[in-house]
Amino acid sequence: GTIDYGTDTSYSAALYNDQSTYSTLDIRNNVFVNSINKTTSPNISYSIYTRGSINTINNNNYYGSGPQYILGYRSSNRTTLADWRSATGQDGSSVSGDPGFISQNNLKPDVNNSNCWTLNGKGIPISSINSDYDDNPRSTSVSDGATDIGAYEFTPNVSPPTSNASGVPVPNTTTTYTYAGNTLVSIDWGETGTVPNEVDVKYYPGTNPPPPLTGNYSNAYWDINGTGGTGFTYDITLHYTPAVIGTIGSENDIIIAKRDGGVWTPYSNAVVNTSNKTVTLTGLTSFSQFALTDVNSPLPIQLSAFYVEVKGRDVILNWETKTEIMSNHFEIERYKVKGKDEQKKEWEKIASINAHGNSNSPKNYSFNDKKLGSGKYFYRLKMIDTDGSFTYSNEVEAEISLPTEFTLMQNYPNPFNPSTVISYQLPAASHVTLKVYDVLGREVVSLVNEQKDAGAYEINYDASKLSSGIYIYKLNAGNYSAIKKMMIVK
C-alpha cells in the first residue's frame, strides 16, 4: 500500500503495520517487494513499515529498487537486513535479494533465473500448510526438507549465483562470502603457503547433498572451489538456518561432512554454535562440497579399499577406511564354496578386529587366514558401531589351488611338548596312511588310515603320553611314501 503524510512526503510499503503491537500475528515465508521506485526525495519505498512489534516474523524476503528504497521502518529507517534484525530481534532466517520473478505482472519465480535461489529452500515448513498456491505439495516438517519462500514451490534449472566475497584472500585474515543479506561462509586463512587468488562459493538450500549418502544430513550443501594457491591451510565456518537441518535430529549434534573424490567424510571435531547458527571446522587444506550431518547417525564408515592376497595356503585380507565415526570393531566372516552352488552361502565368523573409534584419516587393517584347504572362499566385513548398529562390506573372493605334487611337511613346532602339527598335500585322491614310529621301528600311533580327496591337510598330534626322544612319522599315499623325524622334549 501507499501511506501519504500531507503533500510533502509519500511513503509506500509492501507490508504496513500501524499498530503498536500484534500479539498473534505470524508472518513467515512471504515475499515483500516494493518496486514503486519513486526517484525524488522525500518519497520513500519500504518493503516493511511497522509502528510496533510483531509476534512472529521470519523466513521472509525483503526487496526493493530505486534510490529511495529502504528495507524497513521500526522506530527509524533500517536500511539493511542486519539493521532490521537488530531493531526487531527477529527475521534471523530471512533474506534480502532479488526474488527472480518472471515479471512484475507474473510473480512466479523464473526457474531459469539464478536469482530464484533467493527464495528456493529459504522457507520454514508449517505443519498446517501442505500445498502451494498451485496446489503442489509443500513440506510440513523440517525432516522432509525446507520449503520455498512465497506462494510457489519450484526447482531451479540453473546454479545459484556466486556469493559476494568481502575481499581477496590474504594469509592470516578472514574472508566472508555473502548472498541476499546473509553470510554463507567465513574462511580464516592460515599464515603459511600461498592462498588462492579467488574462491567461488555457491550455496544450494533446499537441496539434498549429492550421493552417496546415508545416515542423517542437511537439506542443503555448499560448493566451494578455489583458483590457484598451494600449501595453504584454512578454517571454515558454515552458516545455516534451522529450516535446512533436514533429518538431523538436534542442532546440538551437527557436524560437518566434506566430499572428496566422490566420498563424504564426516568430521566429528567440527564445532556447532546453535546461537549463531554456525559450524566451524579447522585445519583444512583443500576445497570441495560441504554438508551437515550429525554425531549420532553420521555418514558411516567410509571403506575405501577391501581386497585379498593369496600366498600359498594363506589368504591375507587387507582393508582401509577413509574415515570412522563411533566405529567399534570389524567381524571377519568367511564362506567356503561346497559343490557348484555359490549362492547358498553359510557365513561363519572367523575373527574380530578392533576399529579406531573416531578418525578423519585413513586407517589400514590386515588379517591372515592361514593354512586353508584347497577351494574357493568368500569374505566380507561386518562393520559394527559402538551403538550396536552394523553394515556389511562388499564380498571378496579367493581361491586356494590344488597341490601339484605329493608332499609331507616337517612338523611344527619341532622340537615340541606336548603337541605338534603334521601337514601333507595330495595332488590326487588317494588312500592315505600316516603313522608314528619310535626309533626301533615300532608303531606308536596311526593318525590317518582312509581315502582322502586331493588337497592340503594337517593333523594336530598330541604326544603327551610319549617319553622324550626322537620319533619318525611316515606318510603313504598311493605310490608315494615319505618319512620325517620329530623330537619330543619334556
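FYI, the numbering for the sequence shown is 194 to 683, going by the working numbering.
Just so you know, even glycine gets a beta-carbon here, dropped at the ideal spot from N, CA and C.
From a predicted model like this one, the values you see are computed outputs, not experimental measurements.
P353 is a Cβ neighbour of Y396, given a cutoff of 8 Å. Of the candidates V641, G648 and Y664, the residue whose Cα lies closest to the Cα of G634 is Y664.
Between the segment 604-614 and the segment 544-555 there are fewer than three C-beta pairs closer than 8 Å, too few to call the two in contact. With respect to L510, S559 sits close: the two C-beta atoms are nearer than 8 Å. N248 is positioned such that its CB atom lies no closer than 8 Å to that of V288. Counting only the Cα atoms, E346 lies some 20 Å from D219.
The alpha-carbon of D325 is positioned some 43 Å away from that of G476. With a contact defined as Cβ atoms closer than 8 Å, Y239 and S205 qualify at about 7 Å. When DSSP assignments are scanned along the segment 285-341, no uninterrupted stretch of alpha helix (DSSP H) that is 4 or more residues long falls wholly within it. Spatial neighbours of D453 in its own chain (CB-CB distance under 6 Å, excluding positions within 5 residues in sequence) are listed in chain order as S481.
For D646, no beta strand (DSSP E) encloses it, and the DSSP letter there is neither H nor E. Between T458 and the set I319, N466 and I448, the nearest pair of CA atoms involves I448. D381 is positioned such that its CB atom lies closer than 8 Å to that of D428.
DSSP places T426 outside both helix and strand once states are collapsed to three, so it counts as coil. In this structure the segment 513-527 lies against the segment 562-579, because at least three pairs of beta carbons, one per stretch, are closer than 8 Å. In the structure shown, the three-state DSSP call for S279 is helix. P398 sits close to K315, with the two beta carbons spaced by under 8 Å. The beta-carbon separation of S258 and N230, rounded to 5 Å, stays under the 8 Å limit for a contact. When N418, G343, P404 and N412 are compared, the shortest CA-CA separation from V378 is found for N418. In summary, P330 is exposed, with fewer than 16 beta-carbon neighbours lying within 10 Å of its beta-carbon over all protein chains present. Only residues of its own chain outside the window of five on either side were considered, and among them V641, K645 and A670 have a CB closer than 6 Å to the CB of V625, listed in chain order. Between I681 and L659 the beta-carbon gap is near 6 Å, inside 8 Å, which marks them as a contact.
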